[in-house]
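> In this note's numbering, the protein residues as written are 3 to 255.
Ideal Cβ placement from N, Cα and C applies to all residues, glycine included.
A quick note: this is a predicted structure, and the numbers were derived from the prediction, not measured.
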Ligand SMILES: [Mg+2]
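(1) Would residue 93 and residue 171 be called neighbours here (beta carbons separated by less than 8 Å)?
(2) Could you check what DSSP says for residue 233 in three-state terms: helix, strand or coil?
(3) Considering residue 111, what are the terminal residues of the alpha helix (DSSP H) in which it resides?
(4) Assign residue 153 to one of three DSSP states: helix, strand, or coil.
(5) Which value, in whole angstroms, describes the spacing of the CA atoms of residue 31 and residue 105?
(6) Taking the continuous beta strand (DSSP E) assigned at residue 20, which residues delimit it?
(7) Determine the closest residue to residue 98 out of 153, 50, 49 and 45, with distance taken between C-alpha atoms.
(8) Would you kindly check if the distance between the Cβ of residue 54 and the Cβ of residue 113 is under 8 Å?
(9) Rounded to the nearest angstrom, what separates residue 120 and residue 34 at their Cα positions?
(10) Where residue 125 and residue 176 are concerned, what is the direct C-alpha to C-alpha distance, given to the nearest angstrom?
(11) Just to confirm my understanding: we take residue 206, look at its own chain, exclude 5 residues before and 5 after, and list those with CB closer than 7 Å. What are they?
(12) Can you check which of these residues, 201, 150 and 174, is closest to residue 188 by C-alpha distance?
(13) Terminal residues of the continuous alpha helix (DSSP H) containing residue 161?
(14) Can you name, in chain order, every residue of its own chain whose Cβ lies under 7 Å from the Cβ of residue 23, other than the five neighbours on each side?
(15) Looking at residue 186 and ligand 1, is the gap between the Cβ and the nearest heavy atom below 7 Å?
(16) Does the beta-carbon of residue 240 have 16 or more other beta-carbons within 10 angstroms, so that it is buried, or is it exposed?
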């Protein structure tokens with residue numbers, strides 16, 4: 003599987019250090035030119051389409067609110083084993099919030115420039131093994147997690163109270179829920195193991211990352227095996243944010 007440009011044998015190729023950025027929303031590629039060393043990688047999700055328009059292929063991400071949030075609730079519940087704490091959590095969300103906002107297409111594949119798709123996890127693992135890929139930026143909603151949205155005002159401890167579970171059990175349940183089941187949880191753990199101690203930055207357009215829920219993100223990332231979190235940021239203009247972050251500005255103009 004060829005994911006990246008490789009050097010021909012004998013060729014000496016200077017490769018400058020780069021960061022890989024993964025996001026399900028093509029709109030977050032806006033102003034990518036400000037950070038020429040942070041490569042945008044488009045993660046597939048519902049609403050990502052390519053249209054032939056006047057003979058020209060154009061790629062789009064449709065707004066999530068144009069789709070029916072609760073369309074996949076049954077599939078969401080089916081992701082979790084009978085009797086598991088993750089199922090207990092999913093049922094709680096379904097009952098109290100009304101919907102899991104689950105996207106079965108999210109966070110599994112990367113769409114390449116030629117519109118072919120490859121495994122998201124393998125794409126990251128391949129990059130992680132390259133010495134010149136020195137870090138990663140991930141979007142959260144429908145990129146790392148398969149749901150859209152987090153519960154901003156609710157901390158890990160609060161979830162524990164609601165579910166009547168200890169912190170450890172709560173973390174496990176949330177880690178499996180947000181991953182979208184045991185199988186994808188393992189894929190994420192293998193992916194983060196491959197990333198090892200290379201720095202990881204999370205940039206989300208959801209305010210939840212700044213609220214009480216922030217410690218849910220932190221706990222879940224730790225449970226997924228993410229070793230070196232360099233920051234959890236809220237942003238409506240992701241490349242502009244990267245350009246001013248201390249850990250990423252070196253990759254930008
Ligand atoms: Mg997203």
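Quick answer:
(1) no
(2) strand
(3) From DSSP, residue 111 is part of no alpha helix (DSSP H) but of the beta strand (DSSP E) over 111 to 113.
(4) coil
(5) 21 Å
(6) 20 to 25
(7) 153
(8) no
(9) 22 Å
(10) 25 Å
(11) 141, 142, 143 and 236
(12) 174
(13) 158 to 165
(14) 40, 41, 42, 43 and 139
(15) no
(16) buried
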